[in-house]
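Numbering-wise (this note's numbering), the sequence shown opens with residue -18 and increments by one.
Please read the structure below before turning to the comments.
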Amino acid sequence: PTPTPTPVPVTGTVNSVGLNVRSGPGVDNPVLLEVRQGDELTVLGANKTSGWLNVRTPDGTVGWVNGKYLTLHGNPVSLPDVSPQPASAPASAASGGSGGTLLIQLRPGGDIVLINRDGSNLRRLTTGIDPVLSPDGRHVAFTRWDSPTEGTLWVIRTDGTGERAILGGTKQIKSPAWSPDSKRIAVNFQEGGRLEVKSQCWDLSKGDPPINYWQAYDITTKVTFSKYGIPTFWICWKLPPDPHWKLRVIDVESGDYEDLPAGQYAFAPAWDPANPWRVVSTAGMGLVWTDVNRGVAQPLTDDPADRAPVFSPDGRYIAVTYRQHDHWEIHRLNADGTGRVRLTRTPLYAVVDNPRQANNASPAFSPDGREIAFLTDRTGRWEVWVMNVDGSNQRPMFADAVNDQLPIEYNGNDARALGWGE
């Protein structure tokens, strides 16, 4: 018998400067990564109604690209017609996928509630700031401010009992994060820096003024005269408050604590579940990791738009709330800071109806690490949505009737508004 010839795979060379690989055929699907001109992709199939191609990138990522930006090699006629899996309908989005319980802060300092993944059993737990579930799912840590300047770290059981203060008298304490063994909690707090507006003037005869033009405002000039009528020309300006923020690790049982280095602007710590010695936090000019055993800190990313990191349960990924120009989006990184992927963006159909870019913020990984819950205002109000860990299949987590009972407010400031536990 005549042997059957081995099929020649179809490949495509990227012919544009950059090309987004998306989770589905069409520009309203999330971007998985970007490939560059000259990159060689393996073509797995085609969506012949849209002209988009299903491809595998050199690093093994499978996604979709617009076919007109590839120069094909091989026989494209042999490609199978591939249709993407339909997204779940919004009303039933909560069915299937990961289970568990969602922890939601309705507003900073306001009600903290728990609700089952399927939208059932909504119940109020307590009030506070930045709640977070313990790894064993039995407790919630949060903070309360007893005055405009000082606050307390609290812990409560998820059944609503046993609420107790762990450490008080801490300036503007925020963003608790449990250690993997649930024995310690990292927080950020205010210490040092400039707490009031500062007014300065400079005698221009001494040379150029030492103005930080990024911060200075109400810049004015004036002239004064000596008793002999000699003029002196001045430039005056104001500087806003510039408080500094630090990290602190607190023992849950005893309340003993130790301060950690993480720069002058340490916010929103996240404990690495795969490396219990490491805490990652926002640091003003990117993310920083701190070795809690050795007391040393090192940069992890250099993008100042990275805010409020959270780890996946296995420690493989970090998700951040990212300041995308004038709004918030969610990016995913590898735990070592590489492999950045933008997971969210406003769909084109929404931009047509409303040119404002929607916000997507406060990610929380599901207990199995397969999904990410997040807050979005793309419908005109803040709601809890969910997506696959690659950014695909974004849809409301709860039906409208449930969302009507969740008057969520989100104002940035590295707020942690969501948690997801067993």
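We put the beta carbon where it would ideally sit given N, CA and C, even for glycine.
Can you tell me the Cα-Cα spacing of residue i and residue j, whole angstroms?
i, j, result
"Asn1", "Trp33", "12 Å"
"Ala380", "His120", "27 Å"
"Arg337", "Gly143", "44 Å"
"Gly400", "Asn274", "27 Å"
"Leu106", "Gly41", "44 Å"
"Gly174", "Gly141", "38 Å"
"Gly150", "Pro348", "33 Å"
"Trp344", "Ala300", "Correcting the residue type first, residue 344 is Pro in the shown sequence and not Trp. Near 7 Å, if we compare the C-alpha coordinates of Ala300 and Pro344."
"Leu14", "Gly132", "42 Å"
"Ile353", "Val367", "6 Å"
"Ala286", "Asp307", "11 Å"
"Ala316", "Ile85", "25 Å"
"Thr52", "Pro11", "23 Å"
"Asn47", "Gly(-1)", "12 Å"
"Thr(-6)", "Asp283", "31 Å"
"Ser69", "Gly265", "Legend: pLDDT at Ser69 = 38, less than 50; position of this residue unreliable, value from coordinates given subsequently. Answer to the nearest angstrom: the Cα atoms are 38 Å apart."
"Thr(-8)", "Val24", "5 Å"
"Trp195", "Asp223", "13 Å"
"Pro123", "Ala289", "Here the sequence assigns Phe to residue 123, which means Pro is not the residue at that position. Near 15 Å, if we compare the C-alpha coordinates of Ala289 and Phe123."
"Pro221", "Val383", "42 Å"
"Ile166", "Val230", "6 Å"
"Gly77", "Arg351", "Here the model assigns Gly77 a pLDDT of 49, short of 50, so the residue's position is not dependable, and the following value carries that caveat. So the alpha carbons of these two residues sit roughly 12 Å apart."
"Tyr422", "Tyr50", "Lying outside -18 to 403, the shown extent of the chain, residue 422 is not represented and no answer is given."
"Gly244", "Asn394", "18 Å"
"Leu387", "Asp184", "56 Å"
"Asn35", "Ser4", "9 Å"
"Lys411", "Gly118", "Missing from the structure shown is residue 411; the chain here goes from -18 to 403 and no further."
"Val291", "Asp253", "9 Å"
"Thr360", "Asn341", "11 Å"
"Asp358", "Asn97", "21 Å"
In this structure, how does DSSP classify residue i when only helix, strand and coil are distinguished?
i, result
"Ala158", "strand"
"Lys219", "strand"
"Leu185", "helix"
"Ser59", "helix"
"Lys29", "coil"
"Lys227", "strand"
"Gly(-1)", "strand"
"Gly468", "The question about residue 468 has no answer here: the residues shown for the chain are numbered -18 through 403."
"Ser180", "strand"
"Ile166", "strand"
"Val269", "strand"
"Pro11", "coil"
"Asn274", "coil"
"Trp258", "coil"
"Arg485", "In the structure as shown, the chain begins at -18 and stops at 403. Residue 485 is therefore absent and cannot be evaluated."
"Val113", "strand"
"Ile311", "strand"
"Leu53", "strand"
"Gln171", "strand"
"Ala75", "Bear in mind that the predicted position of Ala75 carries a pLDDT of just 44, short of 50, making it too unreliable to give a figure here."
"Thr213", "strand"
"Arg321", "coil"
"Arg37", "strand"
Starting from residue i, trace the beta strand (DSSP E) both ways and give me its first and last residue.
i, result
"Ala382", "It is not in any beta strand (DSSP E) - Ala382 instead sits in the alpha helix (DSSP H) that spans Asp381 to Asn384."
"Ile96", "Asp92 to Asn97"
"Tyr303", "Tyr298 to Gln305"
"Thr152", "The residue you asked about is not Thr; residue 152 is Lys in the sequence shown. Arg145 to Lys152 is the extent of the beta strand (DSSP E) around Lys152."
"Trp135", "Glu131 to Arg138"
"Thr107", "Arg104 to Thr108"
"Ser373", "Counting along the chain, Ser373 falls outside any beta strand (DSSP E), and DSSP gives it neither H nor E."
"Tyr209", "Premise fails: Tyr209 is in no beta strand (DSSP E) and is neither H nor E."
"Pro467", "Because residue 467 is not part of the residues shown, which for the chain are -18 to 403, the question remains open."
"Trp401", "Leu399 to Gly402"
"Pro290", "Asp287 to Phe292"
"Trp252", "Phe248 to Trp252"
"Leu83", "Thr82 to Gln86"
"Val121", "His120 to Trp126"
"Ala354", "Glu352 to Thr357"
"Pro344", "Asn341 to Phe346"
"Asp240", "Tyr238 to Leu241"
So, under 8 Å CB-CB, residue i and residue j are touching, yes? Tell me the CB distance rounded to an integer number of Å.
i, j, result
"Pro191", "Pro257", "That belief does not hold up - the Cβ atoms of Pro191 and Pro257 are roughly 44 Å apart, past 8 Å."
"Pro39", "Asp20", "6 Å"
"Val204", "Pro157", "So it is not a contact: roughly 53 Å between Cβ atoms."
"Gly267", "Val322", "No, Gly267 and Val322 are not in contact; Cβ-Cβ is about 17 Å, not under 8 Å."
"Gly402", "Gly188", "Their Cβ separation, rounded to whole angstroms, is 59 Å, which puts Gly402 and Gly188 out of contact at 8 Å."
"Asp111", "Ala396", "6 Å"
Using a Cβ-Cβ cut-off of 8 Å, state whether residue i counts as contacting chain C.
i, result
"Leu83", "In the structure shown, chain C cannot be found, because there is only a single protein chain."
Would you say the region 232 to 247 touches the region 186 to 200, given that touching needs at least three Cβ pairs under 8 Å? no
Three or more C-beta pairs under 8 Å: does that hold for the region 216 to 226 against the region 167 to 182? yes
If contact is defined by three or more beta carbon pairs under 8 Å, each pair taking one atom from either stretch, is the region 93 to 110 in contact with the region 137 to 157? Pairwise C-beta distances place the region 137 to 157 in contact with the region 93 to 110, as three or more of them are shorter than 8 Å.
Give a yes or no on contact between the region 244 to 255 and the region 205 to 212, applying the rule of three or more CB pairs nearer than 8 Å. no
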